[in-house]
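J.: Please find one structure pasted underneath; my questions will follow.
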Amino acid sequence: MNMQTSLVTGGSGFLGSHLCQQLLAQEENVICLDNLSTGHLRNIEPLLAHKKFLFINHDVQSDMIDLFKLKKINKIYNLASPASPEQYQKQPITTTLTNVIGTARCLELAQFHGASFLQASTSEVYGEPLIHPQKENYFGNVSTIGPRACYDEGKRCAETITSDYHKKYGIPVKIIRIFNTYGPHMSCDDGRVVSNFVVQALQNKTLKIYGNGLQTRSFCFVDDLVSGLMQAMETKKDCWMPINIGNNNEISILELAQKIIKLTHSQSQIQFLPPLESDPRQRKPDLTRAKSILSWQPKVSLEKGLLKTIEYFRKFI
Ligand code: NAD
Ligand code: UDP
């Protein structure tokens, strides 16, 4: 019997809820901690009755050691943080503090329990990248005061404190730089591009592109991403250095809009709006390190992943 206990912060959000589900499938005990700021109970509803699952409504910025004194934790996946630019820009100060103070709280807890720790970092640490595709040894091009700084700099500092806890206290840590991921359990009003376009296309409403649509992203389906997180946590290899996880199939936002209109058989039109300030022009992960250290690579094609995502959103339209 699997007696391991994993704590997933941000566990009722998009990625966290899939991770909780997969950990339960491995028969682990799972504690999902979330303040429901961008996450939803509906994402974890099927898990609430599971005897190995516990939901705690709590903010990662508050002390957690008292909360978990009596229950041994083996692994901490720290996912708590808004991820959509629209959401994190509504609460910029909370976003920075969630990533800096919240990560420090989770690391204190990992030290207290001797637990392994995985930090959900982001491709946003590369900012507006001057190197393409982005390798982990690229230091990035990030504004300290722009509209994305609360998130980008919060995540960069979270990487710093995570690596310093490893160097100072020997905690086994993993720093995973997640690239744009999509799939079921994103909120209809999340604000990120895939959910926006799918919801608009299903409603035959206009798809709104910021700028000329030639900016690129590389989209990873959630199942691939979650398997990457779990493989990273489980690897016995000494790898506290950051690892990119995502899909390296790069596509422009205009092509994405056209693909979603086609897959939904929608009557929607495309409208071009003024570009967003500090919107990165291109993004694509170099996955060499993930392949060599974790033997991981994405498997789900964009078309297959989008069809599963469209099927999910149909329930809400
Ligand atoms: P999400 O917004 O759906 O989930 C984030 C979860 O964290 C939500 O359930 C929210 O309620 C919770 N949360 C936020 N602040 C909290 C706090 N102070 N205390 C407790 N809980 C809090 O976003 P997601 O896409 O699932 O992202 C999960 C993690 O992965 C985030 O750390 C994000 O930065 C990272 N990430 C995601 C992507 C992506 O494409 N999905 C890309 C890069 C990084
Ligand atoms: N975008 C868009 N329309 C939308 C939402 C996003 O054109 O309704 C663009 C956005 O300007 C960016 C890209 O899609 O260039 C990805 O945006 P998202 O918010 O999903 O994530 P980001 O990678 O910017 O954090």
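Everything in the sequence shown is counted per my numbering, starting at 65 for the first residue and increasing by one. Here a beta-carbon is modelled for each residue, glycine too, at the ideal position from N, C-alpha and C.
Check whether the Cβ atoms of Gly-72 and Leu-83 lie closer than 8 Å to each other.
T.: Going by the sequence as given, residue 72 is Val instead of Gly. It is a contact, given that the beta carbons lie within the stated cut-off.
J.: Closer than 7 Å to a non-hydrogen atom of the ligand NAD - does that hold for the CB of Asp-287?
T.: no
J.: Going by Cα to Cα distance, which pick from Ala-144, Ile-209, Gly-277, Lys-154 is closest to Ala-168?
T.: Ala-144
J.: Mapping the DSSP letters down to three states, classify Gln-85 as helix, strand or coil.
T.: Here Gln-85 sits in helix by DSSP.
J.: Say yes only if the C-beta of Phe-78 is nearer than 7 Å to one or more non-hydrogen atoms of the ligand NAD, and no if none qualify.
T.: yes
J.: Closer than 7 Å to a non-hydrogen atom of the ligand SAH - does that hold for the CB of Leu-340?
T.: Inclusion of the ligand SAH in the displayed structure is not the case, the ligand content consisting of the ligand NAD and the ligand UDP alone.
J.: If you draw a straight line from the C-alpha of Pro-338 to the C-alpha of Phe-117, how long is it?
T.: Taking the straight line joining both Cα atoms gives about 45 Å.
J.: State the start and end residues of the unbroken alpha helix (DSSP H) segment that holds Arg-353.
T.: It spans 352-358 - the alpha helix (DSSP H) in which Arg-353 sits, taken as one unbroken run.
J.: Taking the beta strand (DSSP E) that Asn-163 belongs to, which residues open and close that run?
T.: No beta strand (DSSP E) holds Asn-163; the alpha helix (DSSP H) holding it covers 156-177.
J.: Quick check: is any heavy atom of the ligand UDP less than 7 Å from the C-beta of Val-257?
T.: yes
J.: Closest to Tyr-141 by C-alpha separation, out of Gly-292, Phe-380, Ala-113, would be which residue?
T.: Gly-292
J.: Does DSSP classify Ser-259 as helix, strand or coil?
T.: The answer is helix: DSSP assigns Ser-259 an H, G or I state.
J.: So Ile-317 and Gly-277 are supposed to be a Cβ contact under 8 Å. How far apart are they, rounded?
T.: 5 Å
J.: Counting beta carbon pairs with one atom in the region 329-349 and one in the region 217-224, are three or more of them shorter than 8 Å?
T.: no
J.: So if DSSP puts Pro-349 in a beta bridge, which residue, or which two residues, is it bridged to?
T.: Note: Pro-349 is bridge-paired with Gln-198 in the DSSP secondary-structure output.
J.: With a floor of 3 residues, list each beta strand (DSSP E) that falls wholly inside the region 85-117, ordered by position along the chain.
T.: Qualifying beta strand (DSSP E) stretches, in chain order: 93-98.
J.: Is it buried or exposed for Lys-400, if we count other Cβ within 10 angstroms and need 16 for buried?
T.: Because the chain here runs from 65 to 381, residue 400 falls outside it and cannot be looked at.
J.: Is Ile-324 near the ligand UDP - that is, is its Cβ less than 7 Å away from at least one heavy atom of it?
T.: No, the ligand UDP has no heavy atom inside 7 Å of this Cβ.
J.: Below 7 Å, is the gap between the Cβ of Asn-244 and the nearest heavy atom of the ligand UDP?
T.: yes
J.: If you draw a straight line from the alpha carbon of Ala-296 to that of Asn-138, how long is it in whole angstroms?
T.: 15 Å
J.: Is there at least one non-hydrogen atom of the ligand UDP closer than 7 Å to the beta-carbon of Asn-205?
T.: no
J.: How about Gly-275: is its Cβ closer than 7 Å to a heavy atom in the ligand UDP?
T.: yes
J.: For Arg-256, does the count of other Cβ atoms within 10 angstroms reach 16, so buried, or fall short, so exposed?
T.: buried
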